[in-house]
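Presented below is the structure to which this report refers.
Protein chains in written order, with the working numbering: chain A, 63 to 267; chain B, 12 to 481.
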C-alpha cells in the first residue's frame with residue numbers, strides 16, 4: 063500500500079450531505095474487475111445523465127477540478143454499502159484525500175487499506191474550506207497527515223483521524239504482514255478458545 | 012469489584028488476541044460469510060499464494076447475483092452468470108461450506124446464517140456486506156467489512172479493529188397493532204439520523220425490543236447500519252435459545268444446554284455505562300414510510316412530505332428540494348396521496364416467514380392495484396410459506412412469487428425498478444438509483460407494502476387489519 067504523508071493539490075467541493083457508496087459507485091459496476099478502470103465510472107449517475115452526457119453542474123466536471131486529488135465533501139460521506147470498489151473508484155480516478163464532517167465507518171476503514179485519507183473537519187470549517195475553493199477553484203490545498211493539518215494561503219485547520227488509521231497510512235502498513243508477526247499468539251488463542259467456547263465451532267449439519 | 016461491563020465489552024474481550032500501541036486489536040473471527048461480491052478478496056488471496064485459513068468457519072452463500080425467476084434455465088446475462096459460477100468455484104476450491112444456487116438451503120446470507128444455526132450468540136461474525144449487523148439479533152458481534160478485510164479474514168481468520176463506542180437505544184413500553192419492527196427501526200433512524208450512530212456499537216434494549224420475535228429483532232439489527240452504526244445487538248434470551256434449538260449447525264443435546272448456560276451471561280450489567288443513550292416510547296411509534304433519498308427521511312404515514320419553502324436552514328431546504336425533485340413529489344404533499352407503480356417484498360431486512368405472513372394477512376382476499384414481486388428470504392422460507400399457502404394469497408392478489416436472493420433491493424441480478432417508477436418496498440435503502448437508475452423507493456414494513464399494493468398509493472395499514480386474524 064502507498065503511504066500517505068503530505069499532499070498539495072487542487073480540491074473539488076462536493077458538499078451535499080449523505081453521498082453514499084451507491085452514488086460513489088452504482089451497483090451495476092460491482093461486477094467489474096478493478097483492471098477495467100473503475101475511475102471512469104466514479105459518481106457515474108451524478109457525473110453523467112442517462113445518455114452518458116456530462117452533467118455540466120457537477121463540480122468534478124468543471125475544467126479546473128477534473129484533476130483534483132482532494133474532495134471536500136458534506137456530512138456522512140460514503141455511508142451505506144460496504145463495497146470497497148467505491149474506494150477503488152475514488153483512488154483510480156486520482157483522489158487521494160476526502161475531507162468531510164463525517165464518514166461512513168466502513169468506507170473509512172476501506173479507505174485506509176488503500177492509501178486514501180479520510181480527514182474529519184468540523185461542519186463549519188469544512189463549509190468554509192468549500193467556500194474558499196468555490197471562490198478560487200485552482201487554490202492549492204495542503205493536507206499534512208503528520209501534523210494533522212489542512213491548509214491554504216495563511217489558513218490552517220486541524221483535522222481529526224483515529225490514531226489507528228493515521229499510523230497505518232503514514233507507514234503504508236500491510237495488515238497481512240502485521241498479522242504474521244502475531245502468528246504464535248493466534249495459535250495460542252485458538253487452542254485456548256476451543257476449550258473455553260466449544261459451542262463456537264459449528265456442528266456438522 | 013470489577014467494573015460493570017456492557018454486552019459489546021464482553022463480546023470484544025472474548026475475541027481479543029493482541030493489541031497494538033495505537034489501540035487497534037487483533038480479533039478472532041468465529042464465522043465468515045462470503046457471497047459473489049467476494050471476488051476481489053479471493054483475487055487478493057490468490058495473488059499472495061495463500062489459502063483459506065479456516066474453511067470450517069467460512070461459509071459461502073450465492074445471493075447477490077442469483078436469478079429469482081427461471082432457475083431451471085441458464086442465466087442469460089454472461090457477466091451475471093460468471094459472477095455466480097466464479098464464486099461457487101472459488102468456494103469449492105477453498106473447501107468452504109457452500110449454499111449455492113442449486114442448494115435447497117440457498118437464500119440471502121443474512122437469512123440463511125441464522126436459519127441454519129450458524130449464527131449464534133457470543134460469536135464474532137463478519138461478511139463483506141454492510142447488513143451483517145443483522146446477526147447481532149442473536150447477541151453476536153456482527154459487522155460488515157470491505158474486500159481487503161475479507162481477504163485478511165480468509166487468510167488469517169482474524170481482523171484488526173478499533174473498539175467501537177457504546178450506544179444503547181431503549182424502546183420502552185408496548186407497540187400498538189399494525190406497528191412492526193420496521194416501523195421501530197425507521198423511527199429510530201429518523202430520530203438519530205442516517206449517521207447518528209457512526210463509530211458506535213448499538214445495543215437495543217427495553218420491553219418493546221424483548222417483545223420482538225427473532226425475525227423482528229433481525230429486521231431491527233439489520234437497519235443499524237442505516238443509522239450509521241456498524242453493528243447492532245440484542246442480548247440473547249429464551250426467545251433466542253428457542254429459535255436456535257434443533258437448527259442444523261447449532262450445538263446439540265447436552266452441548267446445547269451448556270451453550271445456553273454460557274450465552275445467558277451475555278448481557279450488559281445493570282449499572283454499565285454507555286457513551287450514548289437514546290430512549291423511545293413504543294406506544295408513540297406509528298406506521299412510517301420514507302419520502303426522500305436517505306433512510307432517515309421517514310415520517311408517520313398520516314404526515315405530509317416537507318416543504319423546502321418552510322425550512323429555515325438553507326442547506327436543509329436545498330436537500331429537501333433535490334430529494335423531492337428526484338422522487339417526483341410535490342412539496343408538502345400528503346404521504347397517503349402518493350401513488351405507486353409497483354411493490355417489492357423481500358431483502359435481508361424483511362423476507363422471513365413472519366414478514367411474508369404479515370403481508371399475506373393484509374392481502375388475503377384482496378387484489379393489488381399494481382404489479383409486484385415477492386422474493387422469500389431463503390429457499391427454506393419459500394417452502395415453509397408454500398406449506399402455509401401464502402404463495403396462493405400473493406398470486407391471487409396479482410403479485411409474482413419468485414425464488415430467493417437479494418433481488419430488487421440492489422438490482423444487480425437484473426430485478427430492477429424501471430427509471431422514474433415508484434416502488435413501495437420492504438428493503439433497507441431508498442438511495443438514488445438503489446433499485447435501478449432513476450428508481451424511486453419508499454421504505455416501509457411488509458404489512459405497509461401490502462396496504463400500498465391494495466390501495467395503489469401509500470396507505471396506513473391499520474384500517475385494513477380490522478377484523479383480520481394476525
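By construction, the Cβ of each residue, glycine as well, lies at the ideal position given by its N, Cα and C atoms.
With DSSP run on the structure shown, which of helix, strand or coil describes residue i?
i, result
"residue 183(B)", "strand"
"residue 153(A)", "helix"
"residue 233(B)", "helix"
"residue 214(A)", "strand"
"residue 204(A)", "strand"
"residue 153(B)", "strand"
"residue 292(B)", "strand"
"residue 70(B)", "strand"
"residue 436(B)", "strand"
"residue 219(A)", "strand"
"residue 453(B)", "strand"
"residue 412(B)", "strand"
"residue 310(B)", "strand"
"residue 164(B)", "helix"
"residue 417(B)", "coil"
"residue 300(B)", "strand"
"residue 75(A)", "strand"
"residue 248(A)", "helix"
"residue 405(B)", "helix"
Out of the options, state which residue places its alpha-carbon closest to the alpha-carbon of residue i.
i, options, result
"residue 94(A)", "41(B), 353(B) and 48(B)", "48(B)"
"residue 377(B)", "390(B), 389(B), 308(B) and 467(B)", "467(B)"
"residue 393(B)", "161(B), 368(B), 222(B) and 159(B)", "368(B)"
"residue 142(B)", "458(B), 440(B) and 15(B)", "440(B)"
"residue 210(B)", "465(B), 460(B), 76(B) and 175(B)", "175(B)"
"residue 34(B)", "229(A), 254(A), 151(A) and 241(A)", "229(A)"
"residue 385(B)", "179(B), 413(B), 190(B) and 290(B)", "413(B)"
"residue 243(B)", "474(B), 19(B), 14(B) and 476(B)", "19(B)"
"residue 461(B)", "437(B), 451(B) and 443(B)", "437(B)"
"residue 357(B)", "350(B), 405(B), 66(B) and 327(B)", "405(B)"
"residue 203(B)", "305(B), 158(B) and 122(B)", "305(B)"
"residue 5(A)", "138(A), 142(A) and 83(A)", "It is not possible to answer for residue 5(A), since the shown part of chain A is limited to 63 through 267."
"residue 283(B)", "177(B), 29(B) and 456(B)", "177(B)"
"residue 329(B)", "66(A), 77(A) and 259(A)", "77(A)"
"residue 83(A)", "171(B), 77(B) and 443(B)", "443(B)"
"residue 493(B)", "289(B), 475(B), 81(B) and 82(B)", "Since the first and last residues shown for chain B are 12 and 481, residue 493(B) lies out of range."
"residue 465(B)", "197(B), 375(B) and 207(B)", "375(B)"
"residue 146(A)", "67(A), 121(A) and 176(A)", "176(A)"
"residue 96(A)", "144(A), 192(A), 117(A) and 150(A)", "150(A)"
Check whether the Cβ of residue i lies closer than 6 Å to any heavy atom of the ligand SAM, and answer yes or no.
i, result
"residue 159(B)", "Among the ligands in the structure shown, none appear at all, so the ligand SAM cannot be discussed."
Under 8 Å (Cβ pairs) to chain A, residues found in the stretch 251-263 of chain B:
When CB distances to chain A are screened at a threshold of 8 Å, the residues of the stretch 251-263 of chain B falling below it are 259, 260, 261, 262 and 263, in chain order.
Within the stretch 81-142 of chain A, ranges of the beta strand (DSSP E) (whole runs, at least 3 residues):
Within the stretch 81-142 of chain A, the complete beta strand (DSSP E) runs of at least 3 residues are 132-135.
If we count Cβ pairs, one from each stretch, closer than 8 Å, do we get three or more for the stretch 320-329 of chain B versus the stretch 206-215 of chain B?
Taking 8 Å as the limit for Cβ pairs, the verdict is that the stretch 206-215 of chain B does not touch the stretch 320-329 of chain B.
Quick test of the definition: if touching needs 3 or more C-beta pairs under 8 Å, does the stretch 222-242 of chain B touch the stretch 135-154 of chain B?
Counting Cβ pairs under 8 Å, three or more are found: they touch.
Please name the residues in the stretch 209-238 of chain A whose beta-carbon is closer than 9 Å to at least one beta-carbon of chain B, in chain order.
Legend: CB atoms of the stretch 209-238 of chain A lying less than 9 Å from CB atoms of chain B belong to residues 224, 225, 226, 227, 228, 229, 230, 237 and 238.
The stretch 332-343 of chain B: which residues have C-beta closer than 9 Å to a C-beta of chain A, in chain order?
Legend: CB atoms of the stretch 332-343 of chain B lying less than 9 Å from CB atoms of chain A belong to residues 333.
Stretch pair the stretch 156-173 of chain A + the stretch 148-165 of chain B: three plus CB contacts closer than 8 Å:
With the cut-off at 8 Å, the stretch 156-173 of chain A and the stretch 148-165 of chain B touch.
Within the stretch 169-223 of chain B, ranges of the beta strand (DSSP E) (whole runs, at least 3 residues):
Whole beta strand (DSSP E) segments, 3+ residues: 169-172, 176-183 and 211-216.
When the Cβ atoms of the stretch 387-407 of chain B are set against those of the stretch 417-427 of chain B, are three or more pairs found closer than 8 Å?
Output reads no: the stretch 417-427 of chain B does not touch the stretch 387-407 of chain B.
Please give the ranges of any alpha helix (DSSP H) in the stretch 52-120 of chain B, keeping only runs that are unbroken, at least 4 residues long and fully inside the region.
For the stretch 52-120 of chain B, whole alpha helix (DSSP H) runs of length 4 or above, ordered along the chain, are 89-104.
Spell out a yes or no on whether the stretch 90-109 of chain B and the stretch 245-252 of chain B are touching, meaning 3 or more CB-CB pairs, one atom from each, closer than 8 Å.
Between the stretch 90-109 of chain B and the stretch 245-252 of chain B, the count of Cβ pairs shorter than 8 Å is below three; the stretches do not touch.
Examine the Cβ distances between the stretch 94-108 of chain A and the stretch 232-248 of chain A and report whether three or more of them are shorter than 8 Å.
Taking one beta carbon from each stretch, the stretch 94-108 of chain A and the stretch 232-248 of chain A have fewer than 3 pairs nearer than 8 Å; the two do not touch.
Given 8 Å as the limit, is there contact between the stretch 148-168 of chain A and the stretch 117-137 of chain A, that is, 3 or more CB pairs closer than that?
The stretch 148-168 of chain A makes contact with the stretch 117-137 of chain A, as at least three CB pairs between them are under 8 Å.
Could I get the ranges of all uninterrupted alpha helix (DSSP H) runs contained in the stretch 23-52 of chain B, with 4 residues as the minimum, in chain order?
Those alpha helix (DSSP H) runs which fall completely within the stretch 23-52 of chain B and span 4+ residues do not exist here.
Mind listing which residues of the stretch 436-469 of chain B have their C-beta closer than 9 Å to chain A's C-betas, in chain order?
The residues in question are 440, 442, 443, 444, 445, 447, 448 and 449.
Does the stretch 107-118 of chain B come close enough to the stretch 61-72 of chain B to have 3 or more Cβ pairs within less than 8 Å?
The way I'd put it, the stretch 107-118 of chain B does touch the stretch 61-72 of chain B; three or more beta-carbon pairs between them come closer than 8 Å.
Take every Cβ of the stretch 73-91 of chain B, pair it with every Cβ of the stretch 424-444 of chain B, and state whether three or more of those distances are shorter than 8 Å.
Three or more pairs of CB atoms, one per stretch, sit closer than 8 Å, so the stretch 73-91 of chain B contacts the stretch 424-444 of chain B.
Go through the stretch 352-391 of chain B residue by residue and report every complete run of the beta strand (DSSP E) that reaches 3 residues or more, in order.
Correct list: 353-356 and 383-385.
Only counting runs of 4 or more residues, tell me where the alpha helix (DSSP H) segments fall wholly within the stretch 246-288 of chain B, in order along the chain.
Listed in chain order, the complete alpha helix (DSSP H) runs (minimum 4 residues) inside the stretch 246-288 of chain B are 249-255 and 264-274.
Return the residues of the stretch 95-112 of chain B that lie within a Cβ-Cβ distance of less than 7 Å from chain A, sorted by chain order.
If the cut-off is 7 Å between Cβ atoms, the stretch 95-112 of chain B has nothing near chain A.
Is it true that the stretch 43-61 of chain B meets the stretch 156-172 of chain B, where meeting means three or more beta-carbon pairs spaced less than 8 Å apart?
As far as the Cβ criterion goes, the stretch 43-61 of chain B touches the stretch 156-172 of chain B, which means the pair count is three or higher.
Against chain B, which members of the stretch 251-265 of chain A pass a CB distance test of less than 9 Å?
Flagged, chain order: 251, 252, 255, 258, 259, 260, 261, 262, 263, 264 and 265.
With 8 Å as the C-beta to C-beta threshold (strictly closer), list the residues of the stretch 304-323 of chain B near chain A in chain order.
So the close ones are 304 and 305.
Counting Cβ pairs closer than 8 Å, one from the stretch 178-195 of chain A and one from the stretch 210-228 of chain A, do we hit at least three?
Yes, they touch.
Along the stretch 160-174 of chain B, where does the CB come closer than 9 Å to a CB of chain A? Name the residues.
Residues passing the 9 Å Cβ filter: 160, 161, 162, 163, 166, 167, 168, 169, 170, 171, 172 and 173.
Near-chain B residues of the stretch 67-84 of chain A (beta-carbon distance less than 9 Å), N- to C-terminal order
Those residues of the stretch 67-84 of chain A that come within reach of chain B (Cβ to Cβ, closer than 9 Å) are 77, 78, 79, 80, 82, 83 and 84.
In chain order, what residues of the stretch 206-230 of chain B put their CB closer than 8 Å to some CB of chain A?
The stretch 206-230 of chain B vs chain A, Cβ under 8 Å: 206, 209 and 210.
In the stretch 79-92 of chain B, which residues sit with their C-beta less than 8 Å from some C-beta in chain A, listed in chain order?
Along the stretch 79-92 of chain B, going in chain order, the ones with a CB nearer than 8 Å to a CB of chain A are 90 and 91.
Taking one C-beta from the stretch 187-207 of chain B and one from the stretch 256-266 of chain A each time, how about it: are there three or more such pairs within less than 8 Å?
Judged by Cβ distances under 8 Å, the stretch 187-207 of chain B makes no contact with the stretch 256-266 of chain A, as fewer than three pairs qualify.
Please identify, using Cβ separations under 8 Å, the residues of the stretch 414-430 of chain B that lie next to chain A, in order along the chain.
Hits within the stretch, in order: 421, 422, 423 and 430.
Can you list, in chain order, the residues of the stretch 28-49 of chain B whose Cβ is nearer than 9 Å to any Cβ on chain A?
The stretch 28-49 of chain B vs chain A, Cβ under 9 Å: 28, 29, 31, 32, 33, 34, 35, 37, 39, 41, 42, 47 and 48.
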